[in-house]
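Going by full-length UniProt numbering, the first residue of the sequence shown is number 1, and it counts up by one from there. The C-beta atom is built at its ideal place from N, Cα and C for all residues, glycine as well. Report on the structure given below.
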Amino acid sequence: MKKILFVLVVWGGILQSNVTTAQSADSLNFIDVDVQKNIAIYQLATQFNDPPVARMALYNLLFYSNNQSAVLDSLAYMYYDLNQMPSVALVTRENLKINPDNQMALELGAIAFTQLGAKDQALSNYESLFLKNNDSRTLYQIAQMQFELKRYTETKTSVELLLKRADIDELKMVFSKLDQTQQEVTMRAAIFNLNGLLAQANGDIQKAKELFLEALKVAPGFELAQVNLSKAGK
Numbered sequence: 001m002k003k004i005l006f007v008l009v010v011w012g013g014i015l016q017s018n019v020t021t022a023q024s025a026d027s028l029n030f031i032d033v034d035v036q037k038n039i040a041i042y043q044l045a046t047q048f049n050d051p052p053v054a055r056m057a058l059y060n061l062l063f064y065s066n067n068q069s070a071v072l073d074s075l076a077y078m079y080y081d082l083n084q085m086p087s088v089a090l091v092t093r094e095n096l097k098i099n100p101d102n103q104m105a106l107e108l109g110a111i112a113f114t115q116l117g118a119k120d121q122a123l124s125n126y127e128s129l130f131l132k133n134n135d136s137r138t139l140y141q142i143a144q145m146q147f148e149l150k151r152y153t154e155t156k157t158s159v160e161l162l163l164k165r166a167d168i169d170e171l172k173m174v175f176s177k178l179d180q181t182q183q184e185v186t187m188r189a190a191i192f193n194l195n196g197l198l199a200q201a202n203g204d205i206q207k208a209k210e211l212f213l214e215a216l217k218v219a220p221g222f223e224l225a226q227v228n229l230s231k232a233g234k
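Structure, rendered in structure tokens:
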């Protein structure tokens with residue numbers, strides 16, 4: 001998600017709301033004026049990198065706006081940008097009560113719940129999101145979350161579905177390295193690595209090693225797969 005989305009969500013949603021709620025083009029009431037003022041304040045605060053002021057403007061807009069979901073999107077993204085994950089989780093949960101099909105709220109909520117350790121809720125969000133976007137990256141997150149929750153049968157099903165998808169050689173995944181840098185590998189390599197962890201969890205060490213080697217064949221130098229291979233069976 002890019003910064004421009006953060007601004008456009010409010011401007012696209014709130015300005016449309018203003019058009020429908022304004023009494024006339026030449027007769028603005030107090031609410032209309034205050035809404036326009038807060039939009040201007042939000043824009044300036046965003047331009048000058050002043051999150052507290054921008055956040056207050058969003059809360060004011062939330063109070064007035066008929067299109068609350070759009071404002072909540074921007075508020076959730078602001079909290080996400082500030083790494084305030086409890087607030088992201090709360091705002092997105094409220095947003096999904098208004099619009100259960102809101103993909104941005106589902107994804108941000110899933111990320112927040114993951115970081116907060118609420119993996120069951122994160123998985124629920126990702127599953128709902130996948131039904132709407134049919135995105136391989138979302139399906140990978142589902143498989144990863146299922147594995148972390150020790151739902152190994154479900155993980156196996158998700159991995160099998162992933163391996164049948166056409167875009168896994170083009171899509172990239174980012175992993176942290178031991179030296180705190182990041183490494184990019186294809187999704188296919190990431191899937192083989194996850195499948196190796198699944199085999200290891202199920203007690204099949206030989207298969208796990210073979211899958212880690214498959215990951216390294218696809219992505220030579222994939223550090224996480226190298227580490228997992230070296231630890232397999234120990």
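Assigned secondary structure, T186 (DSSP; H/G/I helix, E/B strand, else coil): As a position in the sequence shown, residue 186 is number 186, starting the count at 1. It is a strand residue.
Quick check on K172: does DSSP put it in helix, strand or coil? Numbered from its first residue, the sequence shown carries residue 172 at position 172. Here K172 sits in strand by DSSP.
Which residue comes first and which comes last in the alpha helix (DSSP H) that contains Q84? Locating residue 84 in the sequence shown gives position 84, where the first residue counts as 1. It is not in any alpha helix (DSSP H) - Q84 carries neither H nor E in the DSSP assignment.
Got a sec, what are the start and stop residues for the alpha helix (DSSP H) F130 sits in? Counted from its first residue, the sequence shown places residue 130 at position 130. Note, F130: alpha helix (DSSP H), 119 to 133.
Under 7 Å Cβ to Cβ from A45, same chain only, skipping five residues before and after it: list those, please. Translated into the one-based positions of the sequence shown, residue 45 becomes position 45. Contacts found: V53, A54, A57.
Going by C-alpha to C-alpha distance, which of M187, N228, R188 sits closest to K207? Position 207 of the sequence shown, counted from the start, is the residue given in the question as residue 207. Of M187, N228, R188, the residue nearest in Cα terms is N228.
Run through DSSP, which three-state label would L116 get? Here residue 116 is taken as the residue at index 116 of the sequence shown, counted from 1. The answer is coil: DSSP assigns L116 none of H, G, I, E or B.
Report yes or no: do the region 99 to 117 and the region 73 to 87 share at least 3 C-beta pairs separated by less than 8 Å? yes
Range covered by the alpha helix (DSSP H) that runs through R165: As a first step, residue 165 is located in the sequence shown; it is residue number 165 there, counting from the start. Unbroken run through R165: none, as it is neither H nor E.
Do you know how far the Cα of D34 is from the Cα of A190? By 1-based counting over the sequence shown, the position of residue 190 is 190. By 1-based counting over the sequence shown, the position of residue 34 is 34. Roughly 50 Å between the two C-alpha positions.
T157 versus S136 - alpha carbon distance: For the purposes of this step, residue 157 is identified with residue 157 of the sequence shown, where counting begins at 1. For the purposes of this step, residue 136 is identified with residue 136 of the sequence shown, where counting begins at 1. Taking the straight line from one Cα to the other gives about 14 Å.
Supposed close pair L108, Y77 - CB separation, criterion 8 Å: Counting from 1 along the sequence shown, the entry for residue 108 is found at position 108. Counting from 1 along the sequence shown, the entry for residue 77 is found at position 77. With 8 Å as the limit, L108 and Y77 qualify as a contact, their Cβ atoms being about 7 Å apart.
Return the chain-ordered list of same chain residues with a C-beta closer than 7 Å to the C-beta of A25, the five sequence neighbours on each side being excluded. Looking up residue 25 in the sequence shown gives position 25. With a pLDDT of only 48 at A25, under 50, the local geometry of the prediction cannot be trusted, and the value read off the model is given with reservation. Counting only Cβ-Cβ distances below 7 Å, and skipping sequence neighbours, we find nothing.
F147 beta carbon less than 8 Å from that of L198: For the purposes of this step, residue 198 is taken as residue 198 along the sequence shown, with counting starting at 1. For the purposes of this step, residue 147 is taken as residue 147 along the sequence shown, with counting starting at 1. Contact: yes.
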